[in-house]
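Colleague:
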Amino acid sequence: MYTLSSKLRLFSIILVVIGALGLTYGFLSAPSTIEDVKEMAAHDAHGGGHGDAKATSGDHANESHGKDDAHGGDEHYEHLLHQLQNKPWAALYIAAFFFFMISLGVLAFYAIQFAAQAGWSPVLFRVMEAITAYLVPGGIIFFVILALSGFHINHLFVWADESKVIGDKLLEGKASWLNSWWFIVRAAIFLGGWFLYRHFAIKYSRKQDEDPTGNKWYKKSFKIAAAFLVFFIYTESMASWDWIMSFDPHWFSTLFGWYVFASLFVSGITTIALITIYLKSKGYMEFVNNSHIHDLAKFMFGISIFWTYLWFSQFMLIWYSNIPEEVTYFITRIEDYKLPFFGMVVMNFVFPLLVLMNSDYKRVNWFVVMAGIIILCGHYVDIFNMVMPATVGESWFIGISEISAVLLFLGLFLFIVFKALTKAPLLAKGNPYIEESKHFHY
Amino acid sequence: MASKVIHALYTDDDVLMDAVKQVRAEHYHIEEVYTPFPVHGLDKAMGLAPTKLAITAFMYGCVGLTVAITMMNYIMIEDWPQDIGGKPSFSYLENMPAFVPIMFELTVFFAAHLMVITFYMRSKLWPFKEAENPDVRTTDDHFLMEVDAGHHDVDTMTSFLSNTGAVEIKVIDKQEDNH
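In order, the protein sequences belong to chains A and B. Just so you know, my numbering puts the end of the first sequence at 442, numbered straight through with nothing missing. Just so you know, my numbering puts the end of the second sequence at 621, numbered straight through with nothing missing.
1) What does a CB cutoff of less than 6 Å around residue 50/A pick up in its chain, not counting 5 residues either side in sequence?
2) Report whether the distance from the Cβ of residue 219/A to the nearest heavy atom of the ligand MN is below 7 Å.
3) Indicate whether residue 260/A and residue 240/A have their beta-carbon atoms separated by less than 8 Å.
4) So residue 542/B contacts chain A; which residues on that side make the cut at Cβ distance below 9 Å?
5) Determine whether the beta carbon atoms of residue 381/A and residue 425/A lie at a separation below 8 Å.
6) Hey, would you say residue 18/A sits closer than 8 Å to residue 412/A, going by beta carbons?
7) Does the CB of residue 539/B have a neighbour CB from chain A at under 8 Å?
8) Compile a chain-ordered list of the residues in the stretch 512 to 529 of chain B whose CB is closer than 7 Å to at least one CB of chain A.
9) Excluding five sequence neighbours on each side, which residues of the same chain lie with their C-beta closer than 8 Å to the C-beta of residue 126/A?
10) For a cutoff of 8 Å on Cβ pairs, would you count residue 215/A as touching chain B?
11) What's the gap between the Cα of residue 10/A and the Cα of residue 198/A?
12) Since I believe residue 184/A is in contact with residue 450/A (beta carbons under 8 Å), could you give me their beta-carbon distance rounded to a whole number of angstroms?
13) Check residue 338/A in the structure and name its three-state DSSP category.
14) Quick one: does residue 510/B have its CB under 8 Å from some CB of chain A?
15) Nearest CA to the CA of residue 640/B: which residue from 586/B, 607/B, 530/B?
16) Thinking residue 22/A and residue 404/A are a contact (beta carbons under 8 Å), I'd like their distance in whole angstroms, please.
17) Among residues of its own chain, excluding the 5 on either side of residue 396/A, which ones have a beta-carbon nearer than 6 Å to its beta-carbon?
18) Only counting the same chain, and skipping five residues up and downstream in sequence, which positions put a Cβ closer than 7 Å to that of residue 206/A?
19) What is the DSSP secondary structure of residue 294/A, counted as helix, strand or coil?
20) Under 8 Å, do residue 308/A and residue 252/A count as touching if we go by C-beta distance?
21) By the criterion of Cβ-Cβ separation under 8 Å, what are the contact partners of residue 320/A in chain B?
22) Whose CA, out of 232/A, 293/A, 242/A, 217/A, lies closest to the CA of residue 453/A?
23) Please list, in chain order, the chain B residues whose beta carbon lies closer than 7 Å to that of residue 441/A.
24) How big is the Cα-Cα spacing for residue 2/A and residue 140/A?
25) Are there three or more Cβ pairs, one per stretch, closer than 8 Å when the stretch 97 to 104 of chain A is compared with the stretch 266 to 278 of chain A?
26) Along the alpha helix (DSSP H) that carries residue 210/A, what are the first and last residues, could you check?
27) For residue 478/B, which of helix, strand or coil comes out of DSSP?
28) How is residue 586/B classed by DSSP in three states: helix, strand or coil?
29) Would you grab the beta carbon distance between residue 590/B and residue 471/B for me? Rounded to a whole angstrom, and I think it's under 8 Å.
30) In angstroms, rounded to a whole number, what distance separates the CA positions of residue 138/A and residue 194/A?
31) Can you confirm whether residue 608/B, when its beta carbon is compared against all beta carbons of chain A, has any partner nearer than 8 Å?
32) Nearest-angstrom Cα distance between residue 615/B and residue 593/B?
33) Do you know offhand how far residue 74/A's Cα is from residue 91/A's?
34) Identify the residues that DSSP records as bridge partners of residue 446/B: which are they?
35) Name the residue from 347/A, 374/A, 88/A whose alpha carbon lies nearest to the alpha carbon of residue 20/A.
36) From the DSSP output, read off the bridge partner residues of residue 530/B.
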């Protein structure tokens with residue numbers, strides 16, 4: 001049995017407190033009137049630069065203001081005001097989604113292990129189960145944030161603002177799908193289905209340990225895993241349209257669901273590897289050998305390449321066809337987000353490609369940890385690039401709000417995951433493949 | 443000079459793996475093992491040096507990438523620049539996204555084909571080559587371990603090998619130039 005050390009508990013609580021304080025500061029320091037923005041702009045040396053950029057590229061920074069081409073003086077400051085008010089919300093949204101998607105990715109990975117009847121991975125099941133423990137609290141927090149955004153308490157979603165929808169042909173056409181109530185009902189269905197699978201998967205896994213005869217519970221696990229995967233791939237796709245693609249409601253991409261899936265899958269697998277290596281370094285999980293780490297690292301490598309494939313497929317078709325309403329998505333990102341946009345390709349593709357290519361390096365723990373941290377940061381930036389351009393435009397910055405939001409959810413994530421690890425023995429001893437998994441070697 | 447080798451046949455890959463480990467622990471020299479299918483981990487158990495094929499694959503991939511870039515640069519930029527979809531081909535870098543699929547494909551093409559050819563050459567395989575395996579059953583369901591008798595006592599070795607689970611043991615006088 002794993003016991004949560006008081007040091008780790010304290011560490012995660014400190015992270016939550018610092019994160020909450022920083023985020024509160026972020027919300028309080030956001031300007032509330034146009035006068036505040038004007039004052040800020042006057043003090044800010046970049047103020048002039050922003051103004052110039054606005055005149056030329058104002059119409060793609062924020063969909064909500066895309067229609068008013070002629071910027072009057074106050075209109076510009078109002079625009080800036082909305083961006084700056086959105087900033088802490090967007091930071092909160094990104095961090096909440098990022099940690100939620102890690103546990104969702106692990107849940108999908110866990111289900112795949114059962115559906116495929118994989119023999120190598122059962123020794124890692126308890127780590128995966130613990131990471132999915134974050135799904136429920138993380139999902140509920142995220143649901144609250146979604147509800148606040150969907151009902152236009154903040155200005156994250158343009159389509160949630162009825163005054164912006166009227167007169168906009170595309171948004172009017174999409175209103176039967178993108179409206180506050182149907183949006184939040186869908187989110188409840190998606191999350192409810194995932195919570196339900198998570199609940200029964202854990203229950204059956206524990207029962208299988210108590211009563212392994214005849215593999216009765218294992219067979220049930222297999223069946224619900226297969227059913228969940230079908231449900232998951234549809235709902236994940238729709239969730240990615242709702243929760244991320246609808247930030248740019250004029251734009252669409254047909255492979256967006258897969259793209260987000262690749263991101264959450266690789267982040268989830270990386271987290272499994274990091275937590276397993278951490279537990280091993282603390283003297284737990286002696287049954288995990290370096291072949292298990294090797295396999296996880298192979299997945300990190302492979303899914304990183306898969307992510308790049310989807311990223312590039314999405315980019316190249318839109319870049320080549322050069323249709324104005326499609327290509328603005330990338331023009332915004334390349335003009336205003338050059339560093340995060342291309343930096344993320346280096347972090348998510350070039351770095352894992354070079355570091356994890358060699359077979360031997362995949363078994364060196366510190367190599368896997370180093371690559372894993374870069375991959376996780378890279379996928380945070382990936383989500384950042386998906387959300388920020390449509391919500392804060394060129395007023396983006398990775399500052400106190402963004403870092404605090406990450407710390408807040410990181411602390412919560414660590415606390416819940418490591419707390420969940422103490423709930424059951426670290427070896428799922430009833431699993432029929434557990435002996436094969438223990439003797440797994442490459 | 444004639445030398446003696448012992449052919450020990452096994453019918454199970456797990457038994458074979460254990461036998462290989464025992465034979466190596468006794469410091470007998472295993473010349474070769476013939477198996478009907480690749481046995482996972484056998485190369486490590488036999489103490490063979492790790493393959494360098496992966497390094498060659500990487501180098502071939504780099505060659506493929508270079509060929510693709512040189513070729514596309516000559517064809518699309520230097521020799522016959524065209525304006526495709528409002529994207530005039532004046533610079534390789536600006537048109538690079540369009541060339542990425544070709545760069546990727548040729549990298550894979552070169553790495554895969556040249557690696558297979560290297561593997562064949564390294565294993566001395568070519569069309570109409572005579573089979574080297576000493577017993578046809580190794581292409582069906584038997585595993586054959588060829589152990590060098592050297593200056594060891596053949597009788598002790600035979601009894602030792604039959605204890606490792608061999609179903610059949612043959613002592614062969616082998617001419618050096620015979621195979």
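The beta carbon of each residue, even a glycine, is placed where N, CA and C say it ideally should be.
Modeller: In short:
1) Note that residue 50/A scores 44 on pLDDT, short of 50, meaning its location in the model is unreliable; the coordinates nonetheless yield the value given after this. Cβ neighbours of residue 50/A beyond the five flanking positions: none.
2) Ligands displayed in this structure: none; no statement on the ligand MN is therefore possible.
3) Yes, they are a contact pair.
4) Simply 312, 316.
5) Going by C-beta atoms, residue 381/A is not nearer than 8 Å to residue 425/A.
6) For residue 18/A and residue 412/A, no; Cβs fall outside 8 Å.
7) Residue 539/B counts as touching chain A.
8) Residues of the stretch 512 to 529 of chain B that bring their beta carbon within less than 7 Å of a beta carbon in chain A comprise 527, 528, in sequence order.
9) Taken in chain order, the residues that qualify are 421, 424, 425, 426, 427, 428.
10) Against chain B, the CB of residue 215/A has no partner CB under 8 Å away; the residue lies outside that interface.
11) Cα-Cα distance, rounded: 28 Å.
12) Absent from the structure is residue 450/A, since the part of chain A shown begins at 1 and ends at 442.
13) Residue 338/A falls in the helix class under three-state DSSP.
14) Not an interface residue.
15) Here chain B covers residues 443 to 621 and nothing more, so residue 640/B does not appear.
16) Indeed, because the Cβ distance is near 3 Å, the residues count as touching under 8 Å.
17) Around residue 396/A: 388.
18) 424, listed in sequence order.
19) Under the three-state reduction of DSSP output, residue 294/A falls in the helix class.
20) Inclusion of residue 308/A and residue 252/A in the CB contact set at 8 Å is not warranted, their separation being larger than that value.
21) Within chain B, the residues near residue 320/A are 527, 529, 539, 540.
22) Past the edges of chain A, shown from 1 to 442, lies residue 453/A, and the structure says nothing about it.
23) Here the neighbours are 483.
24) Going from the Cα of residue 2/A to the Cα of residue 140/A covers about 27 Å.
25) Flag = yes, the stretch 97 to 104 of chain A and the stretch 266 to 278 of chain A touch.
26) From DSSP, the alpha helix (DSSP H) with residue 210/A extends over 180 to 210.
27) Looking at residue 478/B - three-state DSSP - the assignment turns out to be coil, as it is neither helix nor strand.
28) Here residue 586/B carries a strand assignment [DSSP, helix/strand/coil].
29) The Cβ separation is near 4 Å, so the contact holds.
30) Going from the Cα of residue 138/A to the Cα of residue 194/A covers about 12 Å.
31) No - not a single Cβ of chain A is within 8 Å of the one on residue 608/B.
32) Rounded to the nearest whole angstrom, the CA to CA distance from residue 615/B to residue 593/B is 13 Å.
33) Whole-angstrom Cα-Cα distance: 26 Å.
34) Residue 446/B is bridged to 615/B.
35) With distances taken between Cα atoms, residue 20/A lies closest to 88/A.
36) For residue 530/B, which the question treats as bridged, DSSP gives the partners 525/B.
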